[in-house]
Structures are given as C-alpha cells and as structure tokens.
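>
Residue numbers (our numbering): 72 to 334.
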C-alpha cells in the first residue's frame, strides 16, 4: 500500500488578525502561505508534478483556533491523471468556537483513465462557522467525463453530532458518464454554517428548473443555520461565478477577496 503523505495547517488568533502557527507538508503535497490585506490567514495547496498521479495518497489536517479566520484553497485546479491503482485525498478540519474556516479549492479535473477518491471531514465546535465547497469539472478538452471513477464525500459534525454525510459517486462502470451528464460540464456542492455567516442572508435559495437551463441550483437547510447548496452548470466558469455570488459574504468575513485576483 502506498505511503500517505501528511500535511497540517494550524491557524491562531493574534490580536485582531490570524496567523499561521504551523505549516508542514510531505511530498508530493506543497503548501503556500501568501500574505493578504485582510485579518484572515490564507493557505494554498498544490502537488508536485502538477497533479495527482497513480498511487498518490494525501492527508491534510487543518485546525482553526478560537476566534481565528482561515481561508484554504488550491494553487489551481486539482488535476488527476490516469491512475489504474487510484489516488486519494483526505482533508480533516477542526474549527473552534468563534472561529471561521473557508475551505474552497479550485475545481477538480479527472482526466481519461483516472480513479480518484476525495473525502472532507469538518468538525465544528458549537459557535464555529464554516463554508466548504467542492467542484468537479468534466476534464480537459477531448476527454469530457472520460475518467474511470470519482468519489467525493463531505462529512460535517457540530458539537460532536453528525449534521451532514454527503457523497457522490461517478463510475463509468454504471454507464457512459458523458451520456448521463448531458450538457453539464461542472458539478458543485457547498456547505455553509455558523453565526458568522448568518449575519447576512446567505442567498442560497433554490431556482426553478427551466428546460435546457445552463444552470441548475438547489438548496437544503441542515439545522437552524446551515445550508447545503448543489449546482450543475454548462460551463465551469458559470458555476464558479454563481457559487461566488452566493457566497458573497466571504470577502467581508476575510477582509480581502481571494477570488478577485483570479477573475
């Protein structure tokens, strides 16, 4: 069995700002920690070689201490190459009371013959806030939805109680993926919870289904102040624009806009 590459990020409050107290990564995982103009601390992940190759297994642990604000994303799209044995990525996050985590990686793109499993586990203390996003694209030109298998899972606990166990599985063994997904080039999920996001309406209302629509969107409440948003779009760009519009409170929370620099 392949070795699991370990990584960790620890965010703590320092006065009015947040600092990154600990950052550690084993190959092929890399961590980048650029400065920003807000009060939150940012970190971006990447992998050596430009993506996941056969047998890569990565586990990242994130902790956000009381009162801290953290933004974690990727340096670019997560590319998964042909991988008969499969690749795995696991993210485990703990968010303390009064803290906030925005976990918003760029879209995942599985190429022809890829087999990929991703699981995200978030443990929220009472009074913690989080916004967690996952986006899967159809892949590169000429290989749309041509991977072998992709499994994406999200589990959220609050105060030790399970509030969400969400997963999707796309497997070519169940039928041609391109035929099944039709015109859609991207799928997305977002989970938003906590008092720091409840201060402003989340704008996560569902939209009516219109025939041949380029965007489908639905939302489901999970408890008193948590919402799960699901999207499907005819292009990655349309999905990301809609997702960022729905999460318009994030830049104000961070004190800077991490998405403006990538527009």
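For each residue, glycine too, the CB sits at the ideal point set by N, CA and C.
Helix, strand or coil for residue 318, going by three-state DSSP, please let me know.
Looking at residue 318 - three-state DSSP - the assignment turns out to be coil, as it is neither helix nor strand.
> Please name the residue or residues paired with residue 172 in a DSSP beta bridge.
For residue 172, which the question treats as bridged, DSSP gives the partners 141, 201.
> Tell me, to the nearest whole angstrom, how far the beta carbon of residue 166 is from that of residue 325; I am working on the premise that it is less than 8 Å.
That pair is no contact at about 15 Å.
> Alpha carbons only, please: which of 296, 168, 311 is nearest the one belonging to residue 139?
Among 296, 168, 311, the Cα nearest to that of residue 139 is on 168.
> What residue ranges within the region 92-167 form continuous beta strand (DSSP E) runs of no fewer than 3 residues, ordered along the chain?
Listed in chain order, they are 100-103, 112-118, 128-135, 140-145, 149-151, 158-166.
> Which residue or residues does DSSP assign as beta-bridge partners of residue 294?
In DSSP, residue 294 forms no bridge with anything.
> Within 10 angstroms of the Cβ of residue 149, are there 16 or more other Cβ atoms? Answer buried if so, exposed if not.
Classification for residue 149: buried.
> Between the C-alpha atoms of residue 306 and residue 228, what's the straight-line distance to the nearest angstrom?
For residue 306 and residue 228, the distance between alpha carbons rounds to 32 Å.
> For residue 214, which option in 188, 196, 205, 248 has the closest C-alpha, if you only look at C-alpha atoms?
Residue 248 is the option with its Cα nearest to residue 214.
> Contact between the region 235-250 and the region 200-220 is defined here as three or more beta-carbon pairs at a separation below 8 Å; is this criterion met?
Yes, they touch.
> Helix, strand or coil: how does DSSP classify residue 249 here?
Reduced to three states, the DSSP call for residue 249 is helix.
> With DSSP run on the structure shown, which of helix, strand or coil describes residue 309?
Three-state result, residue 309: helix.
> Is it buried or exposed, residue 258, if we count other Cβ atoms within 10 angstroms and call 16 or more buried?
Looking at its Cβ environment, which holds 16 or more other Cβ atoms inside 10 Å, residue 258 is buried.
> Whose C-alpha, out of 79, 178, 234, 203, is nearest the C-alpha of residue 211?
Looking at the Cα atoms, 178 is the closest of the given residues.
> Ignore the nearest five residues each way along the sequence and tell me which others in residue 204's own chain have a CB closer than 6 Å to its CB.
Closer than 6 Å at Cβ, skipping near neighbours: 175, 261.
> Measure the CB-CB distance between residue 263 and residue 297 and report whether it falls below 8 Å.
In contact: residue 263 and residue 297 (Cβ atoms closer than 8 Å).
> Determine the closest residue to residue 135 out of 113, 226, 288, with distance taken between C-alpha atoms.
When only C-alpha atoms are compared, the closest one is 113.
> In its own chain, which residues sit with a C-beta less than 8 Å from the C-beta of residue 153, not counting the 5 before and 5 after it?
So the list reads 125, 182, 183, 184, 185, once near-sequence residues are dropped.
> Return the bridge partner residues of residue 182 from the DSSP annotation.
According to DSSP, residue 182 bridges with nothing at all.
> Could you tell me the boundaries of the beta strand (DSSP E) in which residue 82 lies?
Note, residue 82: beta strand (DSSP E), 76-85.
> Should residue 127 be labelled buried (16 or more other beta-carbon atoms within 10 Å of its own) or exposed?
Buried.
> Going by alpha carbons, who is nearest to residue 187 out of 216, 105, 163, 157?
Ranking the options by Cα distance to residue 187, first place goes to 157.
> Based on DSSP bridge pairs, tell me the residues matched to residue 324.
Answer by DSSP bridge pairing: none, since residue 324 is not bridged.
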